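If you're matching positions, the sequence shown starts at 273 in the working numbering and goes up one per residue. For glycine and all other residues, C-beta sits at the position ideal for the given N, C-alpha and C. For clarity, every value in this text was computed on a predicted model and none was experimentally measured. What follows is a set of notes on a single structure, which appears directly below.
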Amino acid sequence: RVAADAGAQAMTDVSDGLLADLGHMAAASGVLMDLDTLLLRDDIEAVTPAAVAADVEPLPLVLAGGEDHALVACFPGSLPAGWRRIGVVRAGAPGVLVDGREWSGPLGWQSF
């Protein structure tokens with residue numbers, strides 16, 4: 273409800289992975305989204321112990337891991353309380369970039 277009241281223009285849950293779910297949103301909205309890994313630093317730090325234990329890099333877990341069931345939304349202006357910026361929406365061919373570049377790693381869960 274807070275997101276709707278703040279003018280969220282698009283929103284989805286992040287259950288299949290951030291990149292996969294943002295990819296669906298970008299395609300449906302006809303926009304280019306650009307994630308900023310500096311803004312994901314807390315998430316990266318949170319999964320680092322698990323990544324070390326599994327001998328994998330933490331960033332792909334943040335970008336492509338699923339079953340979080342968090343929400344991600346696009347707002348036209350200021351973010352409402354409880355939300356934080358993780359990137360920007362840009363003009364361009366629909367898709368999702370990471371730090372201005374195409375991501376070559378996993379995107380998330382693909383059911384088909």
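From the options, residue whose alpha carbon lies closest to that of residue i
i	options	result
Gly375	Gly364, Ala336 and His341	In the sequence as presented, Gly is not what sits at residue 375; that position holds Trp. When only C-alpha atoms are compared, the closest one is Ala336.
Ala363	Ala299, Arg357, Leu304 and Ala298	Leu304
Residue i - DSSP class collapsed to helix/strand/coil
i	result
Val319	helix
Gly377	coil
Val324	helix
Arg313	helix
Beta bridge counterpart(s) of residue i as assigned by DSSP
i	result
Thr284	Val344
Arg357	DSSP output for Arg357 lists no bridge partner at all.
Leu307	Gly359 and Val370
Rounded straight-line distance, which links the Cα of residue j to that of residue i
i	j	result
Pro366	Thr320	30 angstroms
Asp306	Ala276	22 angstroms
Arg273	Gly338	23 angstroms
Pro332	Leu311	15 angstroms
Ala318	His296	25 angstroms
Ile316	Gly380	16 angstroms
Gly359	Asp308	5 angstroms
Inset, instruction - Tell me, please, whether the region 280-297 touches the region 335-350 by the rule of three or more beta-carbon pairs shorter than 8 angstroms. - result: With the cut-off at 8 angstroms, the region 280-297 and the region 335-350 touch.
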